[in-house]
Amino acid sequence: MIRATHEMHDRRRGRNMGLGLILIAFVGIVFGMTIVKVGGGQDVLGTGMVNTSANGESGQ
Amino acid sequence: MSDTSLHSVAPAATRGAEPELKDYFALLKPRVMSLVVFTALVGLLVAPTPVHPFLIFTSVLFIALGGGASGALNMWWDADIDRIMRRTQKRPIPAGKVSEGEALGLGLALSGLAVMMLALSANIVAGALLAFTIFFYVVVYTMWLKRWTPQNIVIGGAAGAFPPMIGWAVATGGVSVESVLMFALIFIWTPPHFWALALFMKSDYDEAKVPMLTVTHGHDATRRHILAYTVLLAVTSLGLAFTSIGGPAYLACALVMNFRFLVGAWKIWKRDTAQAEADAYGEEKRFFKLSLWYLFAHFTALLVDAALRSFGFWGGFS
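Order-wise, the sequence lines are chains A and G.
Going by the working numbering, the first sequence opens with residue 165, and the numbers climb by one from there.
Going by the working numbering, the second sequence opens with residue -8, and the numbers climb by one from there.
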């Protein structure tokens, strides 16, 4: 007979929910960074290959 | 009949409890992380180059994550001595909540993620400095110096001194005399701060066989070292006041805090172990508490001066 270990399952559920929220937050952060970097016309990788004056101003 | 292997009951049974998210979070040394966040943020905000608020948030987040990752790697390597020392017995690995392998995995994964993301959020210099900080704390301090030399705290303190330098690099993309002096402030502050702690926590380091100065050279030598470093610290602290990020708030704070710190170090130097035991290491404990305020006050004063400058109240000494 298998006894359900409710406490362990609760812990695991809590952990998974937390990890899910962290992943969603991470996606939000990467999205936000992209908007700020691209929106500001910045050269994200410092390659010099990005036209940083696209919005009429000189970029970074 | 159910197939129990699907539910992986066995690992939980062998490991003990199923770790919660907060157990993994504890691996990141949240209290140390708060100091990292604060000093990195100050380093970033006092820099002359403005940074987009969202990038300030993400950069400081990834600096903190890198600091936390190195904390997890430190706990993985030091699990054996953490089990012995009273102060560290409740950490997730000695408490049996998280396995050593999990700490290693988490530390390595978060280190890589934090460095990459900081390089993207800010610049390559900041990312490289963060990578070096993690390497320095984990390999140079934790694996090499900590158990080998009584100067462990002196050189290891550099790891904790890098965050304001990284913050400055996030804004400026480089290193300057201001960021080096902010680094030096924490670097020279660390030995007297930890040696004061070691004076009244002596037995812990003894049992773990960590060559703390108190163990290898005795209390009198440690008291002399505390005074010497405090004098050096006062010079560094006052030097920072006369750079472009110094100002009236910082100068006033440096004068007051260094005077108090020097008085405390002087009192510690004048005592011997018998006198210290007579008042339960009261002077050493006061000095340790003051050392926390010392650093907090210095970096807060730098922020105040940056605010004064931004409102046009003060142009700085140079």
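All C-beta atoms in this analysis are idealised placements derived from N, C-alpha and C, irrespective of residue type, glycine included.
These numbers come from a predicted model, not from an experiment.
Subject >> At least 3 beta-carbon pairs within less than 8 Å: the region 109 to 121 of chain G vs the region 140 to 150 of chain G >> reply: Because the criterion of three Cβ pairs below 8 Å is not met, the region 109 to 121 of chain G and the region 140 to 150 of chain G do not touch.
Original post:
Taking just the CA atoms, how far does A269(G) sit from E169(G)?
Top reply: When rounded, the distance between both Cα atoms is 43 Å.
Original post:
If contact means a Cβ-Cβ distance below 9 Å, which residues of the region 113 to 127 of chain G contact chain A?
Top reply: Residues N114, I115.
Original post:
With 16 as the cutoff for other CB atoms within 10 Å, does H173(A) come out buried or exposed?
Top reply: Looking at its Cβ environment, which holds fewer than 16 other Cβ atoms inside 10 Å, H173(A) is exposed.
Subject >> Reduced DSSP secondary structure (H/G/I, E/B, other) of F290(G) >> reply: It is helical.
Subject >> Cβ of F45(G) within 8 Å of any chain A Cβ >> reply: For F45(G), a Cβ of chain A is located within less than 8 Å of the residue's own Cβ.
Original post:
With 16 as the cutoff for other CB atoms within 10 Å, does V247(G) come out buried or exposed?
Top reply: That one is exposed.
**OP:** State yes or no: is the beta carbon of L188(G) nearer than 8 Å to at least one beta carbon in chain A?
**Re:** No - not a single Cβ of chain A is within 8 Å of the one on L188(G).
**OP:** Could you list the residues in the region 5 to 28 of chain G with a C-beta less than 7 Å from some C-beta on chain A, going in chain order?
**Re:** Within the region 5 to 28 of chain G, the residues whose Cβ lies closer than 7 Å to some Cβ of chain A are E9, E11, L12, listed in chain order.
Subject >> DSSP state of N143(G) mapped onto helix, strand, coil >> reply: Three-state result, N143(G): helix.
Original post:
What residues from chain G crowd round R175(A), counting only those whose CB sits closer than 7 Å?
Top reply: Correct list: E9, E11.
Original post:
Do L172(G) and L231(G) have their CB atoms nearer than 8 Å?
Top reply: Judged by beta-carbon spacing, L231(G) lies within the 8 Å limit of L172(G), meaning their Cβ atoms are closer than that value.
**OP:** Could you tell me the distance, in whole angstroms, from the CA atom of L46(G) to the CA atom of L99(G)?
**Re:** Taking the straight line from one Cα to the other gives about 24 Å.
**OP:** Return yes when the Cβ of G238(G) is within less than 8 Å of the Cβ of L32(G), no when it is not.
**Re:** Judged by their CB atoms, L32(G) and G238(G) are not nearer to each other than the 8 Å cut-off.
Subject >> Classification of H289(G) by the beta-carbon crowding that lies within 10 angstroms, buried from 16 upward >> reply: Buried, because 16 or more other Cβ atoms sit within 10 Å of the Cβ of H289(G).
**OP:** Determine, using beta carbons only, whether G34(G) and P141(G) come nearer to each other than 8 Å.
**Re:** Taking 8 Å as the Cβ cut-off, G34(G) and P141(G) do not qualify as a contacting pair.
Original post:
So, are the CB atoms of P182(G) and S282(G) less than 8 Å apart?
Top reply: Against a cut-off of 8 Å, the Cβ pair of S282(G) and P182(G) comes out as no contact.
Subject >> Any alpha helix (DSSP H) of 4 or more consecutive residues that is wholly inside the region 35 to 99 of chain G >> reply: Counting only runs of 4 or more, we get 44 to 68, 70 to 73.
Subject >> beta strand (DSSP E) runs contained entirely in the region 114 to 162 of chain G, provided each spans 3 or more residues >> reply: Counting only runs of 3+ residues, no beta strand (DSSP E) is found wholly inside the region 114 to 162 of chain G.
**OP:** Assign E103(G) to one of three DSSP states: helix, strand, or coil.
**Re:** Going by the sequence as given, residue 103(G) is Gly instead of Glu. Residue state, collapsed to three classes: helix.
Subject >> Simplified DSSP assignment, three categories, for K280(G) >> reply: It is helical.
Original post:
What do you get for M192(G), buried or exposed, if any count of 16 or more other CB atoms within 10 angstroms of its CB means buried?
Top reply: So M192(G) ends up on the buried side.
**OP:** Could you tell me which chain G residues have their CB closer than 7 Å to the CB of G182(A), listed as they occur along the chain?
**Re:** Residues of chain G passing the Cβ test: L12.
Original post:
Would you report the Cα separation of T227(G) and F127(G), rounded to the nearest angstrom?
Top reply: Straight through space, the alpha carbons of F127(G) and T227(G) are spaced by roughly 23 Å.
**OP:** Could you check what DSSP says for R262(G) in three-state terms: helix, strand or coil?
**Re:** Note: R262(G) maps to coil in three-state DSSP.
**OP:** Starting from the beta carbon of T49(G), find every residue of chain A whose beta carbon is closer than 8 Å, and list them in chain order.
**Re:** The answer, in chain order, is I193, G196, M197.
**OP:** Could you work out which residue in A55(G), S235(G), L190(G), L95(G) is closest to G151(G) when comparing CA atoms only?
**Re:** Comparing Cα positions, the closest option is A55(G).
Subject >> Cut-off 7 Å between Cβ atoms - residues of its own chain near A212(G), not counting five sequence neighbours on either side >> reply: Result list for A212(G): L204, in chain order.
**OP:** Within 10 angstroms of the Cβ of F252(G), are there 16 or more other Cβ atoms? Answer buried if so, exposed if not.
**Re:** The residue in question, F252(G), is buried, as its Cβ has 16 or more Cβ neighbours within 10 Å.
Original post:
Can you tell me whether DSSP reads T234(G) as helix, strand or coil?
Top reply: The answer is coil: DSSP assigns T234(G) none of H, G, I, E or B.
Subject >> Any non-hydrogen atom of the ligand NAP closer than 7 Å to S112(G) Cβ >> reply: By its list of ligands, the structure shown contains no ligand whatsoever, and the ligand NAP lies outside what it can speak to.
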